[in-house]
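Asks: The structure that follows is given in the form of C-alpha cells.
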Amino acid sequence: MRLTAFGALLALGALACGGEKKADQTQTQTSAAQPAATQPAGPVVEVKMTGNGSTQATFVPTAITIAPGTTVRFVNVSGGPHNIAFYGDSIPAGAAAALNAGMANRQDNLSGPFLTTPNENYDVSFAGAPTGVYKGYCLPHVALGMKVTITVK
Ligand SMILES: [Cu+2]
Numbered sequence: 052m053r054l055t056a057f058g059a060l061l062a063l064g065a066l067a068c069g070g071e072k073k074a075d076q077t078q079t080q081t082s083a084a085q086p087a088a089t090q091p092a093g094p095v096v097e098v099k100m101t102g103n104g105s106t107q108a109t110f111v112p113t114a115i116t117i118a119p120g121t122t123v124r125f126v127n128v129s130g131g132p133h134n135i136a137f138y139g140d141s142i143p144a145g146a147a148a149a150l151n152a153g154m155a156n157r158q159d160n161l162s163g164p165f166l167t168t169p170n171e172n173y174d175v176s177f178a179g180a181p182t183g184v185y186k187g188y189c190l191p192h193v194a195l196g197m198k199v200t201i202t203v204k
C-alpha cells in the first residue's frame, strides 16, 4: 500500500513538472512570435484616417479590395482619435474569430484601440479571414459617416 501511494505521488509529481514545462514552452513561443507580428508576412495596404477634429472625418480611401491574408494598416493622419471597428453583422459568415485574432489590443469585439498620436498606426491582419465584404467604421466618428468597406477576394 505504501509503495502504491508513493508511486502515485511520483506520478503526480511528474505530471505537474510536465505541465509546467508545457507552460514555459508556450510563453517562449509567444514572445518569439511577437517580432513577426510587427512585420506582417503578407502584403500590407494602407488606409488613412483623416478629419478636421470636429465636423468632418473619413477613411482614405473609403473602399479597398485586398487579397486574402493582407494586412490593412490604419494610419492616424489627422482629426483623431480614430479607431477601426467592424459591424458583426456586416462581415462574412464565420469571419469574426479570424478577424478578432488579427486585431491586437482590441477594446471590444471587432473593435481596435483608439489612435491618438499623429501617425500612430494599427494593423488588422486578414490572415485566415474568408473572402467577402467587411464593413467597418470609426467609433468616435461613425455619426460623421466615417466608414470603410474592405473586400477580400
Ligand atoms: Cu475617426
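Here the sequence shown is numbered in our numbering, starting from 52 and rising by one per residue.
A virtual CB, placed ideally from N, CA and C, is assigned to each residue, including glycine.
#1: Please state whether the Cβ-Cβ distance between Ser141 and Lys204 is less than 8 Å.
#2: Any heavy atom of ligand 1 inside 7 Å of the beta-carbon of Pro191?
#3: Is the beta carbon of Gly102 within less than 7 Å of some heavy atom of ligand 2?
#4: Please report the straight-line C-alpha distance between Thr106 and Met197, rounded to a whole angstrom.
#5: Taking the alpha-carbon of Thr113 as reference, which of Thr121, Val96, Pro119 has the nearest alpha-carbon?
#6: Per DSSP, Ala114 is paired with what?
#7: Can you tell me which of Ile117, Met100, Pro169, Gly104 puts its alpha carbon nearest to the alpha carbon of Ala180?
Replies: The short version:
#1: Contact: no.
#2: yes
#3: By its list of ligands, the structure shown excludes ligand 2, since it contains just ligand 1.
#4: 11 Å
#5: Val96
#6: DSSP lists Thr200 as the beta-bridge partner residues of Ala114.
#7: Ile117
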